[in-house]
Amino acid sequence: MYNLIPEILHQQARRTPQRRAIIDSKGEVTYGALSDAVADLAHGLRAKGLTKGGRCVCVFPNSIDFFLAHFAAITAGGVSVPCEYNITASNFSTILKDCEAEFVLIAADVFTRLTDAISRLDLHAVIIFGPAKLDIQVNGPVYLLSEIIAAGKQLPSRLHQLSENDLAAIMYTTGSTGAPKGVLLKQSNVMAALRNITRFVGYTEDDSELIILPVSHNFGLGHAYCNLMNGGFIYLANGMSRIGRIFGALEKYKITGFPGTPLGYGLLLDRFAEVFAAKASSLRFIVIDSAPMPPERTKSLQALLPHVNIMVYYGLTEASRSTYISLTAAGPNYYQSVGRPMENIVIDIQNEFGENLAPGKIGEVVISGPTVTEGYWKKPDQTAAVLRNGKMHSGDIGYLDNDGYLFITGRIKDVINVGGLKLNPSETEETLQKFPGVCDVGVVGLDGIPGITGEAVVAGLALDKADARDFDREACMRFCLGRLEKFKVPIRLFILDHIPRTDSGKIKRHELVETIKSKMSENN
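Written out as structure tokens, the structure reads:
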């Protein structure tokens, strides 16, 4: 079993150099070719001055280029800092400054969009992955990928020695609330998570996985790692905007794994169920992460794909893949559970005094084990707020049943206080999601509603286009009153174009609040 991330490619390339490793929209690459290119780029980075632990910011869509940049940065002894392909210039500038980047490895089209942010910093180099060097001036040299690889071939430098305790990546996360902060992931953190995922899913060299989730995030990247370390291959797509390509890949490449979010599976169930079922005959497993899947959705998905093992992870970027469950094996009584702890992971439920609670009692989910981060990059106060005695205080609320299954009921920061009565928005969201015509929903607490003291429950609704004109707000409110306690029913419903979510599917509640406030201003 591997102990270091670079060994994933290196060992597979030694065993099966001609075996397909990755397919993207532009082509495919074998293990041998990818491993050779990674080695050349790693040597090129060292030749251009990459220090041990130097941060290499990587900005790409889901592509072979991303994995070339990511593996090369780590192989050379640097730290990979993946960024979302569609990152805003403001967030990108924040991350570059915060991590004190040495190199930027970037797709050519993104470089043109983010040049201003890059030009404000002194970097060792910018490396553009594209056919031609762009005539744009920044502080520091700009190279084409081909130039760096050529340098690596001509002047192979001694690579930095790696150990399990070395920092491998900084994964920036905003979650649902606030400015980006860099989660520190050591080699040992990543490899412990991969061993757990491999055991749980049962990966073999015969597996192939369709990855539509951004590999700049832990969920998508973790699945890519696992396929590569077990000798399978991955097919990369950027979201589900080109649904025909998704279905074509499922069928043509006999895809066996398809990780995703409840929102994505909901789209497939609502609009493409028959086609999905026909094209997914080779699927062995589906993994759900990032947000709870409504039980009705799970039931529908299992009925559509009775041969598929539907599985769920729970975890954070700070503590990857902490629990797991096969919903197919466990059955409907556990459709709302996120499972039991992975090997070597301990889950406690604690009250506000840090005391462990008995089964059935609701409190904060606290995680400990080898996958837990050592903190946030240069943010000691934020680190101390969540890491206490080596345990990660997740900010999630939930409980353990008598058999050790974890149930998540909400987020501490999301709790809405209505006149002293507290509710988690997820319960209201699940109810609204069942009303005809509602495609997506986000519920928040809002201060300053005329005539109301304190927080009030309001909801943003994204509707099916066919039902948008005829949507009956009063009927929707009556629907909620028949299923929820009155204080949990939104006092206002706002029709929105979409519910703002992170790439991993979590609601951006702070952004949703601002959107709803803007709607209120328009109506006044």
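Under the working numbering, the residues of the sequence shown are numbered 762 to 1285, in order. By construction, the Cβ of each residue, glycine as well, lies at the ideal position given by its N, Cα and C atoms. Here the structure is a predicted model, which is why all the values come from computation and not from measurement.
May I have the straight-line CA-CA distance separating PRO1141 from LEU1148, to the nearest angstrom? Numbered from its first residue, the sequence shown carries residue 1141 at position 380. Numbered from its first residue, the sequence shown carries residue 1148 at position 387. Roughly 10 Å separates the two Cα atoms.
Could you tell me which residues DSSP pairs with ASP1109 in its beta bridges? If you number the sequence shown from 1, residue 1109 lands on position 348. Answer is VAL1127, bridged to ASP1109.
Would you call SER1242 buried or exposed, if buried means 16 or more other Cβ atoms sit within 10 Å of its Cβ? Taking the first residue of the sequence shown as 1, we reach residue 1242 at position 481. Here the sequence assigns Leu to residue 1242, which means Ser is not the residue at that position. So LEU1242 ends up on the exposed side.
Cα-Cα separation between PHE980 and LEU974, rounded to whole angstroms: If you number the sequence shown from 1, residue 980 lands on position 219. If you number the sequence shown from 1, residue 974 lands on position 213. Each residue's alpha carbon lies about 7 Å from the other.
Return the CA-CA distance between THR934 and CYS819, expressed in angstroms with no decimal places. Here residue 934 corresponds to residue number 173 of the sequence shown, with the count starting at 1. Here residue 819 corresponds to residue number 58 of the sequence shown, with the count starting at 1. Going from the Cα of THR934 to the Cα of CYS819 covers about 15 Å.
Uninterrupted alpha helix (DSSP H) stretches inside the stretch 777-849 (no shorter than 4 residues): 792-808, 825-836
Could you round the C-beta distance between VAL1202 and ILE1260 to whole angstroms and report it? I think they count as a contact, below 8 Å. The residue you call residue 1202 lines up with position 441 of the sequence shown. The residue you call residue 1260 lines up with position 499 of the sequence shown. Yes, VAL1202 and ILE1260 are in contact; Cβ-Cβ is about 7 Å, under 8 Å.
Could you work out which residue in ARG919, ILE848, SER1083 is closest to VAL951 when comparing CA atoms only? Here residue 951 refers to the residue found at position 190 when the sequence shown is read from its first residue. It is SER1083 whose Cα lies nearest to the Cα of VAL951.
Going straight from the alpha carbon of PHE864 to that of LEU1193, what length do you get? As a first step, residue 864 is located in the sequence shown; it is residue number 103 there, counting from the start. As a first step, residue 1193 is located in the sequence shown; it is residue number 432 there, counting from the start. So the alpha carbons of these two residues sit roughly 46 Å apart.
Over the uninterrupted beta strand (DSSP E) stretch that includes ILE931, give me the two end residues. Counted from its first residue, the sequence shown places residue 931 at position 170. Residues 928-934.
Can you find a heavy atom of the ligand ZN that lies under 7 Å from the Cβ of TYR792? Looking for the ligand ZN in the displayed structure turns up nothing, as the structure carries no ligands at all.
Should GLY1266 and THR1022 be called a contact, given that it needs their Cβ atoms to be closer than 8 Å? The residue labelled residue 1266 in the question sits at position 505 within the sequence shown. The residue labelled residue 1022 in the question sits at position 261 within the sequence shown. Yes; because the gap between Cβ atoms is below 8 Å, this pair is in contact.
Identify every residue that forms a DSSP beta bridge with ARG1262. Taking the first residue of the sequence shown as 1, we reach residue 1262 at position 501. Note: ARG1262 sits in a beta bridge opposite ILE1268.
Cβ of MET1001 within 8 Å of Cβ of ILE1007? Counted from its first residue, the sequence shown places residue 1001 at position 240. Counted from its first residue, the sequence shown places residue 1007 at position 246. Yes, the pair counts as a contact, with Cβ atoms nearer than the cut-off.
Environment of HIS831 [buried if 16+ CB atoms lie within 10 Å]: Within the sequence shown, numbered from 1, the residue matching residue 831 stands at position 70. So HIS831 counts as buried.
In terms of residues, what are the limits of the beta strand (DSSP E) holding HIS1154? Numbered from 1 along the sequence shown, position 393 holds the residue referred to as residue 1154. Counting along the chain, the beta strand (DSSP E) containing HIS1154 begins and ends at 1152-1161.
Using the C-alpha atoms, what's the distance from HIS885 back to VAL1126? Along the sequence shown, one-based indexing puts residue 1126 at 365. Along the sequence shown, one-based indexing puts residue 885 at 124. Cα to Cα, VAL1126 sits roughly 42 Å from HIS885.
Find out if the Cβ-Cβ distance for the pair LEU1066, ALA1041 is shorter than 8 Å. Numbered from its first residue, the sequence shown carries residue 1066 at position 305. Numbered from its first residue, the sequence shown carries residue 1041 at position 280. Yes. Within cutoff.
Let's see if you can read the secondary structure: which residues bound the beta strand (DSSP E) around ALA1080? For the purposes of this step, residue 1080 is taken as residue 319 along the sequence shown, with counting starting at 1. 1080-1087 is the extent of the beta strand (DSSP E) around ALA1080.
ARG775: buried (16+ other C-beta within 10 angstroms of its C-beta) or exposed? The residue labelled residue 775 in the question sits at position 14 within the sequence shown. With fewer than 16 other Cβ atoms within 10 Å, it is exposed.
Just reading off the beta strand (DSSP E) that ARG956 is part of, what are its end residues? For the purposes of this step, residue 956 is identified with residue 195 of the sequence shown, where counting begins at 1. That residue, ARG956, is in no beta strand (DSSP E); its alpha helix (DSSP H) goes 948-962.
How is THR938 classed by DSSP in three states: helix, strand or coil? On the sequence shown, position 177 is the one that residue 938 refers to. Because THR938 sits at a pLDDT of 47, beneath the cut-off of 50, its placement in the model cannot be relied upon, and the following sentence gives the value as read from the coordinates. Of the three classes helix, strand and coil, the one that applies to THR938 here is coil, per DSSP.
Check for me: the beta strand (DSSP E) holding GLY1076 runs from which residue to which? Translated into positions along the sequence shown, residue 1076 becomes position 315. From DSSP, the beta strand (DSSP E) with GLY1076 extends over 1070-1077.
6 Å CB neighbourhood of LEU923 in its chain, flanking five on each side removed: As a first step, residue 923 must be located in the sequence shown, where it is residue number 162. Contacts found: LEU765.
From the DSSP output, in three-state form, read off ALA1010 for me. To locate residue 1010, count along the sequence shown from 1; it is residue 249. If DSSP states are grouped into helix, strand and coil, ALA1010 belongs with the helices.
Do GLY993 and GLU1012 have their C-beta atoms within less than 8 Å of each other? Taking the first residue of the sequence shown as position 1, residue 993 is located at position 232. Taking the first residue of the sequence shown as position 1, residue 1012 is located at position 251. Contact flag unset, no.
Where do the N-terminal and C-terminal ends of the beta strand (DSSP E) with SER969 fall, by residue? Numbered from its first residue, the sequence shown carries residue 969 at position 208. Segment 969-972, the beta strand (DSSP E) holding SER969.
When DSSP labels each residue in this structure, what does ASP1201 get in the three-state scheme? Numbered from 1 along the sequence shown, position 440 holds the residue referred to as residue 1201. In this structure, ASP1201 counts as strand in the three-state DSSP scheme.
CB-CB length for THR791 against ALA798, believed under 8 Å: As a first step, residue 791 is located in the sequence shown; it is residue number 30 there, counting from the start. As a first step, residue 798 is located in the sequence shown; it is residue number 37 there, counting from the start. The Cβ separation is near 11 Å, so there is no contact.
Can you tell me whether LEU1044 is buried or exposed, with buried defined as 16 or more other CB within 10 angstroms of its CB? Looking up residue 1044 in the sequence shown gives position 283. The residue is buried, with at least 16 neighbouring Cβ atoms inside 10 Å.
Considering only C-alpha positions, which residue in the set ALA862, ASP883, ASN852 is nearest to LEU875? For the purposes of this step, residue 875 is taken as residue 114 along the sequence shown, with counting starting at 1. Cα-wise, what sits closest to LEU875 is ASN852.
Would you kindly report the start and end of the unbroken alpha helix (DSSP H) that includes GLY983? Here residue 983 is taken as the residue at index 222 of the sequence shown, counted from 1. From DSSP, the alpha helix (DSSP H) with GLY983 extends over 979-990.
Taking the CB atoms as reference points, tell me whether ASP1157 and LEU997 lie closer together than 8 Å. As a first step, residue 1157 is located in the sequence shown; it is residue number 396 there, counting from the start. As a first step, residue 997 is located in the sequence shown; it is residue number 236 there, counting from the start. In this structure, LEU997 does not lie closer than 8 Å to ASP1157 by Cβ.
Whole angstroms are fine: how far does the CA of ALA833 sit from the CA of ASP966? Reading the sequence shown from its first residue, position 205 is the one you call residue 966. Reading the sequence shown from its first residue, position 72 is the one you call residue 833. Note that residue 966 corresponds to Glu in the displayed sequence, not to Asp. So the alpha carbons of these two residues sit roughly 23 Å apart.
What did DSSP end up calling PRO902 once you bin it into helix, strand or coil? Locating residue 902 in the sequence shown gives position 141, where the first residue counts as 1. Coil at PRO902, not helix or strand.
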